[in-house]
Structures are given as structure tokens and as C-alpha cells.
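S.K.: Per our numbering, the very first residue in the sequence shown carries number 3; after that it's consecutive. For each residue, glycine too, the CB sits at the ideal point set by N, CA and C. Remember, predicted model here, so these are calculated numbers, not experimental data. Can you read through this structure? Questions will come right after.
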Amino acid sequence: MKIKTVKITVQTLLFILICVSFWYLRYPLSEKFNPIYLFQLSPVTFLISNFFTAAVFMVLFLILVTFIFGRVFCGWICPYGTLMDIASFIAAPLRKYKESQPSFIKSKYFLLVLMTVFLFLGFQIFYMFEPITIFARGFYFTVYSVKNNILVDVFDKIMSGNPGIISESIYSFFKSSVIENRHVVFNNNFITFIFFAVPLFFVLIKRRFWCRYICPLGACLAIIARLSLLKRKSLICSDGCLRCVNQCRMNAVKNDNSYVSQECILCGDCIDGPCGKKSEFVFLMPFKKQQKLNQKNGITRKDFILWSLAGLVLFFGWKKIKNGNRNVIRPPGAEDEESFKVKCVRCGNCMKVCVTNGLQPVLLESGFDGVWTPKLDPNTGYCEYECVLCGKVCPTGAIRKLSEKEKIYTKIGIAKIQKDVCAPWKDGLECLVCEEHCPVASKAIKLQKITVNGNEVQAPYIEEELCVGCSICENKCPAFEKNKKGIIVEPI
């Protein structure tokens, strides 16, 4: 069997497996099928997490695999890379690619260094470029929610027509195994989709453009792959057809049929192509001297100065617009605001797994450095009193794992009665919704008798020391006026 056929088969199966694991990231959570491990493979995620102990073995495993086989992760496993290949295949009739002699790719290494320096200065922008998290956000916030909601609507329409026992059994199967029996919505999903989709159009410029010039994970693995044991052994190309040069999706093959090891993603194009007999992959000792790339394309003083200036402009611009205040309600177990914004990789796992759909992506509510971090939005859901799933799926430790006993005492906010909106306080009307829904055993929301407009009613008040800020009271409150409910929860 051709290596390219094997690669496409494995790549397709892994892509399906990853999508299935993302789809089923929900309650009840499967510990063995938890996609957290895919995120923890990335050295970038490990760096962001401040060397999170739970991820160390996953990172070491990928480093070892890369040292032996090269950038096999980029070519065979990465789900965003697979989408790049699919996009290139679709774009092939529209664009004839013509590659030139490969040169040293500077941009992705400069970006990696720049983002790493920023990270240690307390400013994390890896989340905009890390491929696994880009794919996950796009999948969770757009693909999954849209498809799930369409399926829910379709089955609701079918069942409303009393279709019979066969359809009911099919619906029961889908409800328990395929769809969530509710609409799942995420804020700002169109903006997320733009960031997810636009890089895919870069293939109209170059195949795997993102992987060649931008991807920080690819840059990390390329550094290791330079020393990999598995090497491409090639014969001298006598007829000079340059077919392998044009076929290589990473522009890793040189005009003399040799190659750039750190750019090769083991796609198999050069082996299974028309000149396949002129190359093969064999295991060789590392540190073997390779022909250097054209030195004029290396890092120059001008490059260093320009990238440094760009970094300084971005950094001081960030300092002016950075907001370190906690303006939103964070998930239970979240670290302090500054650490949370740095360690959160914006993968979306916590938001996807939230059983009430209450965790939503932030846009600018907590500052420029808080984009796509999770917040609890009482308009869409609330924090289930004994639920600890968000901590179980966080790959960086930005949200700590809590036991159920710890969780019920973990404060994330404090409820406040809005007397100008609350029905008992404002109009003297009986309403016990917030008190009835309060999950705290001794009730953080209590009632007192008051007289309003000549009516004696039970009105709610808050025992702040008991309130944990779960926000179910605000979510269920029926009183609404001027974009404000009768009870709101403020972050602590």
C-alpha cells in the first residue's frame, strides 16, 4: 500500500475520532474519551499553562514522536492541518501551485519568540494562533451548535406530527446518543467563525500557508524535527523536472531533490508521485550535517530590528488597553484574573461541557486580553450547584479540578436584589421564584414581610455570606425591565 494512501486513511480516521470526541464532550463526561489529552499534546499549551504537571507526559510523548519521525503530528494528526488539506483539494481546480527553491521560513519562528516573550510578560496571544484551539473553537461554537440545533428542530417537528412508535424509538436514540435535547447557543459565534475560516482561504495563496508561515505549534515541532531520526533519502534528479518541488505541499523539497527536514510533514507526496522511485524515508543518525539553505534568506539584522519594533508597538499598545479587573463571572475554580487570562488557552472545552449552556465566550467585557475566555452568562444558563465538569476538561489548570464538596462552597459572585425591578419590592406583587430556585441548603435567598402599596407580601433579601453566585436566581427571575432583572449576580 502506498504511504500516501496510508497517510490519508490514518489522517481521516483520526480526524473523525477527534470530531467525535469534541461532539461528545458533554454530560455524562467520559474520562477515557476526554479531548483534554489532545490539547495537552501541544508544547504551546504546556508553555501557556506554566508547565502544568498533568500535561508533562503528553508533551514529552509528542516530543519523542517528533524526534523519531519528524513532524508527523502536523501531517497526520492535527485536525486544523487536515482542514487545510481538504481546502487545498477543493481549491486545486482554481489555483495552479508553482513552488520555487525553498528558503528559510523566518516568520513562524519570529512569531513564536515574540509570543513567548509576551507570555512571560503576562500577555498571552497564543490563543489566536494555536491550531488545535482554533479548530476546537470553530467546531464547538459554530459547527456543533448549528448542527445540533438543526437536528433538534427537525426531530421536534417530526414528533409534533405524532409519527408513531418507530419514529419515537429513533428520536429516543438520537436524544440519548447524538443530540442534546436543547438548543445550544454561544455568544459572538460569527466572529469566532471568521477567525476559524479565514486561514483556510490562505490555501489560495499557498498550500498549508498557515503551517508554513504562522503556526506556533508547527514552529515548535520544526525545531525538534530538524534532528529527527527518520530522514528522506533521495537520489539526484537527473532530468530536472521539478515535479517533487511543485508537489510538496510544504515547499520542503529542493531543486536537487534533497529536502528541508524541519518543513517536511511526511505527507508522502514526493514518494508516491511520478518520481517516487527517487526518494524514500529511512532512519539515520541525528546531527548529520545537511546542506544549508540559501544564507541570504536567513535572519538578518534588519529582520530582527523590524520584528522587535513590531513587538514593542504591540506590547505598549496592549499595556494601554489591558484591563485586569474581573468584570465578568468566571467558572468555579478559576485562578485569579491575571493568571486566568494568561493560562486560559481559549479552547472552549469548559463552555462546550457546561450542562446549562451558561458558560459563554467573552468578547471585550474583561478587556482586550480576555477575548474568548469563559464567563457565566445568566441570560443563557447558570452554574449547576454540584457540577464540576469545567475543571475536568481544562487542559492548562486555569480552572482547577474541584470535588463536589469544594464546589458547593466556591464563590464566583454575589446576588443583588434590584428593588426598582423586583416585583415584590416595586409593585407589592407576590413572587418567590428566586428563593425557590436557590440551591444552597440553608437558602442564600430568604424572605421577609414588607408592605408595598398597602399590600403585605414576602420579599426576597440576600444572605451574602451564603450566596455562591451560581446565578440560577437571575436566570429564572421573571421580572425584567430596562435590560435589567429583579435580581442580578455581580462578580466578586
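Can you name the residues that DSSP bridges to N190?
M.R.: DSSP, once it has assigned bridges, lists no residue as partnering N190.
S.K.: Check V255 in the structure and name its three-state DSSP category.
M.R.: strand
S.K.: Applying the 10 Å Cβ sphere with the 16-neighbour rule, what's the burial state of K298?
M.R.: Confidence is the limiting factor: at K298 the pLDDT is only 48, short of 50, which leaves the residue's position unreliable and the question unanswerable from this model.
S.K.: On the criterion of 16 or more Cβ atoms from any shown chain inside 10 Å, does F48 qualify as buried, or is it exposed?
M.R.: Buried is the call here.
S.K.: Can you give me the C-alpha to C-alpha distance between Q13 and L365, rounded to a whole angstrom?
M.R.: 33 Å
S.K.: Would you check if there are 3 or more beta carbon pairs closer than 8 Å linking the region 63-77 to the region 28-46?
M.R.: yes
S.K.: Which of the three DSSP states, helix, strand or coil, is assigned to I494?
M.R.: Coil.
S.K.: When the Cα of K1 is compared with those of P480, K34, D258 and I273, which residue comes out closest?
M.R.: Past the boundaries of the shown model lies residue 1; the chain is included only from 3 to 494, so the question cannot be answered.
S.K.: Exposed or buried, V180, counting other C-beta atoms within 10 Å across all chains shown (16 or more means buried)?
M.R.: exposed
S.K.: DSSP three-state call for C396: helix, strand or coil?
M.R.: coil
S.K.: What three-state label does DSSP hand P462 in the structure shown?
M.R.: strand
S.K.: My output table needs one value for L139: the three-state DSSP class, helix, strand or coil.
M.R.: The identity of residue 139 in the sequence shown is Arg, whereas the question assumes Leu. Helix, per DSSP.
S.K.: Rounded to whole angstroms, what is the Cα-Cα separation between A336 and K100?
M.R.: 49 Å
S.K.: Please confirm whether I464 and H439 have their CB atoms less than 8 Å apart.
M.R.: no
S.K.: Unbroken alpha helix (DSSP H) runs of length 4 or more, entirely within the region 53-78: which are they?
M.R.: 58-71
S.K.: Can you tell me which of N477, T453, E388 and M86 puts its alpha carbon nearest to the alpha carbon of R251?
M.R.: M86
S.K.: Looking only at its own chain, which residues have a Cβ that is under 6 Å from the Cβ of F35, when we skip the five neighbours before and after it?
M.R.: S23
S.K.: Check whether the Cβ atoms of C72 and P133 sit closer than 8 Å, and answer yes or no.
M.R.: Sequence inspection shows Gly at residue 72; the Cys mentioned does not correspond to that position. For G72 and P133, no; Cβs fall outside 8 Å.
S.K.: Taking 8 Å as the threshold, find out whether the region 412-422 comes into contact with the region 342-349 through three or more Cβ pairs.
M.R.: no
S.K.: Just reading off the beta strand (DSSP E) that V284 is part of, what are its end residues?
M.R.: S281 to F285
S.K.: On the DSSP bridge assignment, give the partners of P363 in chain order.
M.R.: P376
S.K.: By Cβ distance below 6 Å, which residues in the same chain neighbour C392 in space, the five residues on each side in sequence not counted?
M.R.: P333, C352 and I401
S.K.: With DSSP collapsed to three states, give me the class of Y111.
M.R.: helix
S.K.: Which value, in whole angstroms, describes the spacing of the CA atoms of V330 and E458?
M.R.: Distance between the alpha carbons of V330 and E458: 36 Å.
S.K.: Could you tell me the alpha carbon to alpha carbon distance between A94 and K256, rounded to whole angstroms?
M.R.: 22 Å
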